[in-house]
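Mapping of the sequence shown onto this note's numbering: position 72 corresponds to residue 73, and the numbering continues sequentially without gaps. Read the structure below first, then the notes.
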Amino acid sequence: MSKDFISTSEIVGESKHFYNYQTLVCAEHGEFMSATFTLKGESRATSCPVCVSHKRDHDYKKQLKEQEQKNQLATIKAVINRAAIPPSFEHCTFDNYVVYAGEIQTKVVNNLRYFAENFAQAKTKNIHGILTGSTGTGKTHLAAAVINELIKRGYTAVFATMSDIVNTIQSTFANKTQSKQSVIKRFIDIDLLIIDEAAVTNRDFDRNEIFDIINTRYHLKHPTLLITNIIDDLKLKLGHRIISRMQQGKFVQIFNWDDYRLKESNNLGV
Ligand SMILES: Nc1ncnc2c1ncn2[C@@H]1O[C@H](COP(=O)(O)OP(=O)(O)OP(=O)(O)O)[C@@H](O)[C@H]1O
Ligand SMILES: [Mg+2]
Ligand SMILES: [Zn+2]
Numbered sequence: 002m003s004k005d006f007i008s009t010s011e012i013v014g015e016s017k018h019f020y021n022y023q024t025l026v027c028a029e030h031g032e033f034m035s036a037t038f039t040l041k042g043e044s045r046a047t048s049c050p051v052c053v054s055h056k057r058d059h060d061y062k063k064q065l066k067e068q069e070q071k072n073q074l075a076t077i078k079a080v081i082n083r084a085a086i087p088p089s090f091e092h093c094t095f096d097n098y099v100v101y102a103g104e105i106q107t108k109v110v111n112n113l114r115y116f117a118e119n120f121a122q123a124k125t126k127n128i129h130g131i132l133t134g135s136t137g138t139g140k141t142h143l144a145a146a147v148i149n150e151l152i153k154r155g156y157t158a159v160f161a162t163m164s165d166i167v168n169t170i171q172s173t174f175a176n177k178t179q180s181k182q183s184v185i186k187r188f189i190d191i192d193l194l195i196i197d198e199a200a201v202t203n204r205d206f207d208r209n210e211i212f213d214i215i216n217t218r219y220h221l222k223h224p225t226l227l228i229t230n231i232i233d234d235l236k237l238k239l240g241h242r243i244i245s246r247m248q249q250g251k252f253v254q255i256f257n258w259d260d261y262r263l264k265e266s267n268n269l270g271v
């Protein structure tokens, strides 16, 4: 294939320049008729028409592929925007999380930091986990820190409450532009899914949808973390099928210390 692709159409505008034809040989496609002409004082010849057409096809496919990648990114972004970290948790990092309950708290922070910083390993080990503990202990704060860290590292990570997910699925029933399957697929494709307030349901519908998402993610080795106040509640509401999946990786982080907000007001003397 000649390096210099020139088709006759490209020199139409240059027709005032003299040109005539000669037979040339393309190493791949054999003989072809080439127009020779002078362009800006330089003598040029048009390339093999088969090569020119192949290059056009190739460029077109490349363009399609780029467009497809852009669309995919936009879809992921749409999910992230809908199921994003609430603005009040956007600033949350591991560094601005204060340790005030000694070793047990340090261990939980380190485990979650390790999980985020070694996410490729977490995927290989197919780690699924639970963050549990009473209110104000920083479960959502550290979950947001994990998501922020992963996004920084180029992963797709989404934080959603269980009702965000269920509502997004249900919204497809009245919406003809998005199928239920396509929405579910997005929750499945994401590298890390964190489901907050995972026990706030009494409905079989929610249980089944969440189970399907977690189960498929499990088989694809896409980690999921569930957050709940009461682990027994999680068992009761989501059922043992989900809990056994989540406990296989033995990544259960127990937030067993006082409410940060009480600590903060104590420090302030309130
Ligand atoms: N150790 C901490 N250091 C700094 N900020 C903290 C810490 N723990 C909690 N916070 C802050 O306190 C607020 C409450 O914490 P958070 O919402 O993460 O608790 P939670 O365990 O998710 O509670 P709930 O079970 O009620 O959802 C948040 O603004 C969070 O950023
Ligand atoms: Mg929370
Ligand atoms: Zn050719």
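Cβ coordinates follow ideal geometry from the N, Cα and C atoms, glycine included. The model shown is predicted, which means the values in this text are computed figures rather than measured ones.
| Looking at C-beta atoms only, is the number of pairs between the region 141–155 and the region 176–184 that lie closer than 8 angstroms three or more? | Verdict: no, contact absent.
| request: Identify whether residue 67 lies in helix, strand or coil by the three-state DSSP scheme. | output: On the sequence shown, position 66 is the one that residue 67 refers to. It is helical.
| request: Taking only the alpha-carbon atoms, compute the straight-line gap between residue 38 and residue 66 and give it to the nearest angstrom. | output: The count along the sequence shown starts at 1 and reaches residue 38 at position 37. The count along the sequence shown starts at 1 and reaches residue 66 at position 65. Roughly 36 angstroms between the two C-alpha positions.
| query | Should residue 229 and residue 235 be called a contact, given that it needs their Cβ atoms to be closer than 8 angstroms? | reply | Numbered from its first residue, the sequence shown carries residue 229 at position 228. Numbered from its first residue, the sequence shown carries residue 235 at position 234. Yes.
| task | With DSSP collapsed to three states, give me the class of residue 95. | result | One-based indexing of the sequence shown puts residue 95 at position 94. Residue state for residue 95 is assigned as coil, using DSSP reduced to three classes.
| request: Pull up the DSSP beta-bridge partners for residue 34, would you. | output: For the purposes of this step, residue 34 is identified with residue 33 of the sequence shown, where counting begins at 1. As DSSP reads the structure, residue 34 sits in a beta bridge with 24.
| From the DSSP output, which residues share a beta bridge with residue 44? | Here residue 44 corresponds to residue number 43 of the sequence shown, with the count starting at 1. Residue 44 is bridged to 39.
| DSSP-derived helix/strand/coil call for residue 159 | The residue you call residue 159 lines up with position 158 of the sequence shown. Here residue 159 carries a strand assignment [DSSP, helix/strand/coil].
| task | Enumerate in chain order the residues of its own chain whose CB-to-CB distance from residue 84 is below 6 angstroms, with the five nearest sequence positions on each side excluded. | result | As a first step, residue 84 must be located in the sequence shown, where it is residue number 83. Its pLDDT being 42, under 50, residue 84 is placed unreliably in this model, and the value from its coordinates should be taken loosely. Non-local beta-carbon contacts of residue 84 in its own chain, meaning distances under 6 angstroms to residues more than five positions away in sequence, involve 159, 161, 165 in chain order.
| said: Quick check on residue 130: does DSSP put it in helix, strand or coil? | reply: Here residue 130 refers to the residue found at position 129 of the sequence shown. Residue 130 carries a strand assignment under DSSP once its states are collapsed to helix, strand and coil.
| request: Please confirm whether any heavy atom of ligand 1 lies closer than 7 angstroms to the CB of residue 262. | output: Here residue 262 refers to the residue found at position 261 when the sequence shown is read from its first residue. The beta carbon of residue 262 sits closer than 7 angstroms to at least one heavy atom of ligand 1.
| field | Three CB pairs or more closer than 8 angstroms across the region 213–227 and the region 181–189 | value | With the cut-off at 8 angstroms, the region 213–227 and the region 181–189 touch.
| query | residue 231 and residue 200: beta carbons closer than 8 angstroms? | reply | On the sequence shown, position 230 is the one that residue 231 refers to. On the sequence shown, position 199 is the one that residue 200 refers to. Residue 231 places its beta carbon less than 8 angstroms from that of residue 200.
| task | Can you check DSSP and say which residues form a bridge with residue 174? | result | Residue 174 sits at position 173 when you count from the first residue of the sequence shown. Here residue 174 is not bridged, per DSSP, to any residue.
| task | Express the C-alpha separation of residue 51 and residue 30 in angstroms, rounding to a whole number. | result | Your numbering for residue 30 matches position 29 in the sequence shown. Your numbering for residue 51 matches position 50 in the sequence shown. Note on geometry: alpha-carbon atoms of residue 30 and residue 51 lie some 7 angstroms from one another.
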